[in-house]
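To start, the structure under review is shown below, and the notes come after it.
There are 2 protein chains.
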Amino acid sequence: MNDIKDFFAASGCKMTKQRKAILEILMDSRTCLSAEEIFIKAKNINPNICLTTVYRTIELLASYRMLNKIDIGDNKYRYEINSNTHYHHIICMGCKKMFKVQGCPVPDFESSIRAQTKFKIIGHRLEVYGYCPECQGTV
Amino acid sequence: MNDIKDFFAASGCKMTKQRKAILEILMDSRTCLSAEEIFIKAKNINPNICLTTVYRTIELLASYRMLNKIDIGDNKYRYEINSNTHYHHIICMGCKKMFKVQGCPVPDFESSIRAQTKFKIIGHRLEVYGYCPECQGTV
DNA sequence: CTCTATCTGCAAATTGTTTGCATTTACATT
DNA sequence: AATGTAAATGCAAACAATTTGCAGATAGAG
Numbered sequence: 000m001n002d003i004k005d006f007f008a009a010s011g012c013k014m015t016k017q018r019k020a021i022l023e024i025l026m027d028s029r030t031c032l033s034a035e036e037i038f039i040k041a042k043n044i045n046p047n048i049c050l051t052t053v054y055r056t057i058e059l060l061a062s063y064r065m066l067n068k069i070d071i072g073d074n075k076y077r078y079e080i081n082s083n084t085h086y087h088h089i090i091c092m093g094c095k096k097m098f099k100v101q102g103c104p105v106p107d108f109e110s111s112i113r114a115q116t117k118f119k120i121i122g123h124r125l126e127v128y129g130y131c132p133e134c135q136g137t138v
Numbered sequence: 000m001n002d003i004k005d006f007f008a009a010s011g012c013k014m015t016k017q018r019k020a021i022l023e024i025l026m027d028s029r030t031c032l033s034a035e036e037i038f039i040k041a042k043n044i045n046p047n048i049c050l051t052t053v054y055r056t057i058e059l060l061a062s063y064r065m066l067n068k069i070d071i072g073d074n075k076y077r078y079e080i081n082s083n084t085h086y087h088h089i090i091c092m093g094c095k096k097m098f099k100v101q102g103c104p105v106p107d108f109e110s111s112i113r114a115q116t117k118f119k120i121i122g123h124r125l126e127v128y129g130y131c132p133e134c135q136g137t138v
């Protein structure tokens, strides 16, 4: 909660009711949320918030690297707080549930990329797909 | 070219002018293409093709695992032929150009994922972000 | 308390993608 | 080669996610 106040103070952006609500929702959520889902939750806190504000706040938070934007291939993005612990998601192709997995193999790969491309590497995105234990029988 | 005929024969789908054009375009393209870009190229071959057909053909080809669907975070997908060689992309955050990089660190990671989640792993998506040599100075 | 830049809500515009339906076409069969 | 039919196409319209323009509201510095 003080995190939230601190973030806005540090960023120089105004801490409005709407922004506070959205950031709270994202911080409290164990799963990642679509803009629509954030909007619905935010309405419980502040009934006349609008979707536009959700999108604008997402963009704001993302510009401060507070959020990760996640794509699972269904034409809409989902968002989650960019915690400092690094992890990736595994997504069930049956029921579409996502789970975090700890660890990351990418750093070991980066020197190879640098050698191949001379890029300055900033980050990466990795998602793994498969079937969760419950869906393995049914598909 | 015979690849194309063979693919349609094997799949049992009809080989129409439109589908042939789209598959040719994807096979000849060194970069991945959005639906719109495929559509524009396809018009040069068959002027009265429509976007709907492009989308439907993309979906068809993807269902036969002929295509990879790529998301670079700008609200639209891009597609490329799923060659049997496995690689990933590095994307320049400056000029948005993409390059292939050979190799993949994910298989080494899979046993850890299996241990954590009991998932049956089918595939993965990995993109690396950074700045290309030309953009490193300018940003 | 006041002032002003910043932020919000609303409605409408955009953009990417999908769907319904009448017409056309590929191609198996004669 | 001609025919019949399921499958594919084009068009227009529907959808869904996201973005934009603008007038009014608000946070927070002074």
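Heads up: the protein sequence lines correspond to chains L and F, in order.
Under numbering that gives the first Met the number 0, the first residue of the first sequence carries the number 0, and numbering increases by one thereafter.
Under numbering that gives the first Met the number 0, the first residue of the second sequence carries the number 0, and numbering increases by one thereafter.
Don't be surprised by glycine CBs; every beta carbon is placed ideally from N, CA and C.
Proximity to residue i [Cα-Cα], best of the options
i, options, result
"residue 139 (chain F)", "L:106, L:132, L:90 and L:131", "Outside the shown range of chain F (0 to 138) lies residue 139 (chain F), about which nothing can therefore be said."
"residue 51 (chain F)", "F:21, F:28 and F:44", "F:21"
"residue 105 (chain L)", "F:88, F:113 and F:98", "F:88"
"residue 113 (chain F)", "L:98, L:81 and L:7", "L:98"
"residue 135 (chain L)", "L:108, L:75, L:95 and L:121", "L:95"
"residue 111 (chain L)", "F:82, F:127, F:35 and F:33", "F:127"
"residue 7 (chain F)", "F:116, F:56 and F:35", "F:56"
"residue 120 (chain L)", "F:35, F:129 and F:38", "F:129"
"residue 117 (chain F)", "L:131, L:116, L:54 and L:100", "L:131"
"residue 35 (chain F)", "F:28, F:29 and F:49", "F:49"
C-beta neighbour in chain L for residue i, strict 7 Å
i, result
"residue 56 (chain F)", "no"
"residue 38 (chain F)", "no"
"residue 78 (chain F)", "no"
"residue 46 (chain F)", "no"
"residue 93 (chain F)", "no"
"residue 131 (chain F)", "yes"
"residue 102 (chain F)", "yes"
Residues near residue i by beta carbon distance below 6 Å, same chain, minus five either side
i, result
"residue 133 (chain L)", "none"
"residue 69 (chain L)", "31 and 77"
"residue 80 (chain L)", "25 and 26"
Cutoff 7 Å: residue i Cβ touching any chain F Cβ
i, result
"residue 123 (chain L)", "yes"
"residue 3 (chain L)", "no"
"residue 89 (chain L)", "yes"
"residue 111 (chain L)", "yes"
"residue 73 (chain L)", "no"
"residue 53 (chain L)", "no"
Nonlocal neighbours in the same chain, by C-beta distance under 7 Å from residue i, ignoring five residues either side
i, result
"residue 16 (chain L)", "45"
For residue i, the residue or residues it bridges with in DSSP
i, result
"residue 126 (chain F)", "L:124 and F:88"
"residue 101 (chain F)", "F:86"
"residue 119 (chain F)", "L:130"
Sequence-distant residues of the same chain with beta carbon closer than 8 Å to residue i, five excluded per side
i, result
"residue 66 (chain L)", "25, 57, 60, 78, 79, 80 and 81"
**Message:** Ignoring anything shorter than 4 residues, give me the alpha helix (DSSP H) runs that lie fully in the region 14 to 92 of chain L, in order along the chain.
**Reply:** 16 to 27, 34 to 44 and 50 to 62
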